[in-house]
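According to the working numbering, the sequence shown is numbered sequentially starting from 2. All C-beta atoms in this analysis are idealised placements derived from N, C-alpha and C, irrespective of residue type, glycine included.
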Amino acid sequence: MLLIEKGKKVKECKYLNYPEQKIGNGRVKKLSERQLDDISDILIKSVNNMTISDVSVGVFLSAGIDSSLIAAILSKELGKDDIVAFTVKYDKNLIHDESDGAAKIASFLGMNHIVVDSKNYNNDYNMEHLNKIFGEPNYGLTAFSIEQMSTLAKQYFSVALTGTGGDEIFFGYGKYPFLYKYRFLLASYLSKALLRFFSVKLSLLGSRLKTIAALSSVEVDDVLLSLKNTPFFSDDIVYKKFKDSNLSYFEQLTPENITIQQRSFDLSTHMPNIILPSMDRGSMQSGLETRSPFLSRELLKYVSTIDYRSFVKFGQKEVLRNIVERYIPKDCIMSQKRGFSFPISLVINDTLTKMSSIKHNNFLEYSLKKMDIDSRWSKLVLRILILENYTNTK
2 MLLIEKGKKV
12 KECKYLNYPE
22 QKIGNGRVKK
32 LSERQLDDIS
42 DILIKSVNNM
52 TISDVSVGVF
62 LSAGIDSSLI
72 AAILSKELGK
82 DDIVAFTVKY
92 DKNLIHDESD
102 GAAKIASFLG
112 MNHIVVDSKN
122 YNNDYNMEHL
132 NKIFGEPNYG
142 LTAFSIEQMS
152 TLAKQYFSVA
162 LTGTGGDEIF
172 FGYGKYPFLY
182 KYRFLLASYL
192 SKALLRFFSV
202 KLSLLGSRLK
212 TIAALSSVEV
222 DDVLLSLKNT
232 PFFSDDIVYK
242 KFKDSNLSYF
252 EQLTPENITI
262 QQRSFDLSTH
272 MPNIILPSMD
282 RGSMQSGLET
292 RSPFLSRELL
302 KYVSTIDYRS
312 FVKFGQKEVL
322 RNIVERYIPK
332 DCIMSQKRGF
342 SFPISLVIND
352 TLTKMSSIKH
362 NNFLEYSLKK
372 MDIDSRWSKL
382 VLRILILENY
392 TNTK
């Protein structure tokens with residue numbers, strides 16, 4: 002960050018140093034009402050600051066906890082009756098639609114709510130358009146959904162508040178409770194050896210045990226990259242290509258730090274390189290600015306003073322759920338948030354058709370064959386195609 006006074010550079014400094022997250026010991030305690038109050042106060046302050054604008058402001062509202070909490074604060078704490086809640090109704094065959102749930106929440110809060118059908122906007126869901134948005138290799142397909150939503154919302158407001166960052170700040174992703182619950186299995190060399198012995202039997206059981214079985218095939222320090230890239234990272238050929246790439250992102254994993262390290266990666270690497278570029282570049286295609294009250298230094302610093310186990314021990318998104326239920330009844334909030342996912346197959350199929358005259362490399366061919374058996378390989382296929390396409394167009 003540059004500090005400039007009177008048109009001259011005064012000093013260069015770092016905007017944010019990520020605070021060290023507290024790791025407690027002994028019995029895990031739920032957050033007290035005082036701690037919930039403190040978090041609420043910081044959020045209210047952040048929401049209020051982000052409504053300061055010389056243009057109209059709205060809020061992107063889904064049926065999940067994060068954006069619902071932002072909307073509730075706008076309505077119940079700040080009395081911002083002029084702020085519009087906006088939701089896009091998506092084709093259920095393409096993207097999970099939350100418009101009905103969002104309408105229920107907006108109605109309860111008494112907010113002016115606009116629902117626009119995504120069919121009113123035609124987008125080119127292809128590699129060329131992805132390159133246009135990012136100008137560099139990036140697999141953030143969420144940018145398509147954000148661009149569509151922003152284009153439809155632009156006629157109503159020019160600044161949108163979002164719930165982005167809530168999962169990263171408050172350990173909201175399902176993988177955090179998973180890593181905490183199975184930390185002694187996943188980050189112990191002795192346990193890993195036993196898991197490998199029983200991996201075939203485990204793979205025949207429930208989905209979580211299948212995931213544990215897949216993670217048992219890699220070294221302890223590669224577990225987090227393998228979790229993010231399941232199932233292909235566990236494949237021998239793929240694993241040989243990327244083994245030890247964890248050294249760029251993680252320290253040695255232990256049962257005590259495995260959950261913390263995953264969250265640190267999400268905050269410092271995945272968010273600034275995938276999530277925020279998708280939000281910012283997708284929305285700015287339509288000249289709409291997005292702001293997230295959860296991305297607050299004060300909030301991050303306060304959360305870091307609380308034992309991380311209190312966020313993952315008692316259920317996914319327990320802390321934010323307790324706060325939002327101060328404003329909105331439990332039955333109004335979606336229990337399982339799906340988010341703005343995007344069907345990868347649309348981009349892959351279009352790209353393969355256009356690249357039919359180009360000889361595919363062996364790695365791509367191998368991944369395509371695997372994708373025919375297991376659709377989860379599509380994530381790797383997409384990344385290879387993005388690099389291939391970008392290279393061939395330069």
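Review point. Just to confirm, are residue 448 and residue 49 a CB contact at a threshold of 7 Å?
Key: Only positions 2 to 395 of the chain appear in the structure, and residue 448 is not among them; the question remains open.
Exercise for review: Go through its chain and collect everything with a Cβ distance to residue 267's Cβ below 6 Å, but skip five positions before and after it.
Suggested key: 169
Review point. Can you give the beta carbon distance from residue 1 to residue 60, rounded, assuming they're within the 8 Å contact cut?
Key: In the structure as shown, the chain begins at 2 and stops at 395. Residue 1 is therefore absent and cannot be evaluated.
Point to revise | Endpoints, alpha helix (DSSP H) assigned at residue 248 | key: Run containing residue 248: none; DSSP gives neither H nor E here.
Exercise for review: Report buried or exposed for residue 183, applying the criterion of at least 16 other Cβ atoms within 10 angstroms of its Cβ.
Suggested key: buried
Exercise for review: Alpha carbon to alpha carbon, how far is residue 372 from residue 307? Give it in angstroms, no decimals.
Suggested key: 42 Å
Exercise for review: Please classify residue 20: is it buried, with 16 or more other beta-carbons within 10 angstroms of its beta-carbon, or exposed?
Suggested key: exposed
Check your understanding: Assuming residue 263 contacts residue 176 under a Cβ cut-off of 8 Å, what Cβ separation, rounded to an integer in Å, is found between them?
Key -> 6 Å
Review point. Just checking my contact of residue 260 with residue 180 at CB under 8 Å: how many whole Å lie between their CB atoms?
Key: 5 Å
Review point. Straight-line CA distance for residue 232 to residue 381?
Key: 10 Å
Exercise for review: Would you please state the rounded distance, in angstroms, between the beta carbons of residue 101 and residue 91? I believe it to be under 8 Å.
Suggested key: Their Cβ separation, rounded to whole angstroms, is 11 Å, which puts residue 101 and residue 91 out of contact at 8 Å.
Review point. Taking the alpha carbon of residue 39 as the point to measure from, which residue in 246, 321, 173 has its own alpha carbon closest?
Key: 321
Review point. What are the boundary residues of the beta strand (DSSP E) that includes residue 3?
Key: 3-6
**Study point:** Every unbroken alpha helix (DSSP H) inside the segment 214-296 [4 residues or more]
**Key:** 224-229, 237-243, 259-266, 277-285
Check your understanding: Just how far apart, CA to CA, sit residue 62 and residue 238?
Key -> 43 Å
Practice item. Please classify residue 101: does DSSP put it in a helix, a strand, or coil? Key: helix
Check your understanding: By a C-beta neighbour count over all protein chains shown, 10 Å radius and 16 as the cutoff for buried, is residue 54 buried or exposed?
Key -> exposed
Point to revise | Exposed unless 16 or more other CB atoms sit within 10 angstroms - verdict on residue 14 | key: exposed
Review point. What first and last residue would you give for the beta strand (DSSP E) that runs through residue 88?
Key: 85-90
Exercise for review: To the nearest angstrom, report how far apart residue 75 and residue 258 are at their CA atoms.
Suggested key: 36 Å
Point to revise | Close-in-space but distant-in-sequence residues of the same chain around residue 379 (CB under 7 Å, 5 per side omitted) | key: 345, 346, 349, 372
**Study point:** Inter-residue spacing [alpha-carbon to alpha-carbon] between residue 125 and residue 218
**Key:** 39 Å
Check your understanding: Tell me which same chain residues have a C-beta within less than 7 Å of the C-beta of residue 31, skipping the five on either side of it?
Key -> 311, 315
Practice item. Tell me, to the nearest whole angstrom, how far the beta carbon of residue 89 is from that of residue 58; I am working on the premise that it is less than 8 Å. Key: Going by Cβ atoms, the distance from residue 89 to residue 58 rounds to 18 Å, so no, they are not a contact pair.
Practice item. Look at the Cβ atom of residue 65, then the Cβ atom of residue 335, and state whether they are nearer than 7 Å. Key: yes
Review point. Roughly how many angstroms separate the alpha carbons of residue 5 and residue 11, rounded to a whole number?
Key: 5 Å
**Study point:** Residues near residue 377 by beta carbon distance below 6 Å, same chain, minus five either side
**Key:** 232
Exercise for review: Just mark residue 392 as buried or exposed, buried being the case when its beta carbon has 16 or more other beta carbons within 10 Å.
Suggested key: exposed
Exercise for review: Determine the DSSP secondary structure at residue 135, reduced to helix, strand or coil.
Suggested key: helix
Review point. According to the Cβ coordinates, are residue 140 and residue 383 closer than 7 Å?
Key: yes
Practice item. Measure the alpha-carbon distance for residue 154 versus residue 242 and round it to whole angstroms. Key: 43 Å
Exercise for review: For residue 173, write down the residues that DSSP places opposite it in a beta bridge.
Suggested key: Beta-bridge pairing links residue 173 to no other residue.
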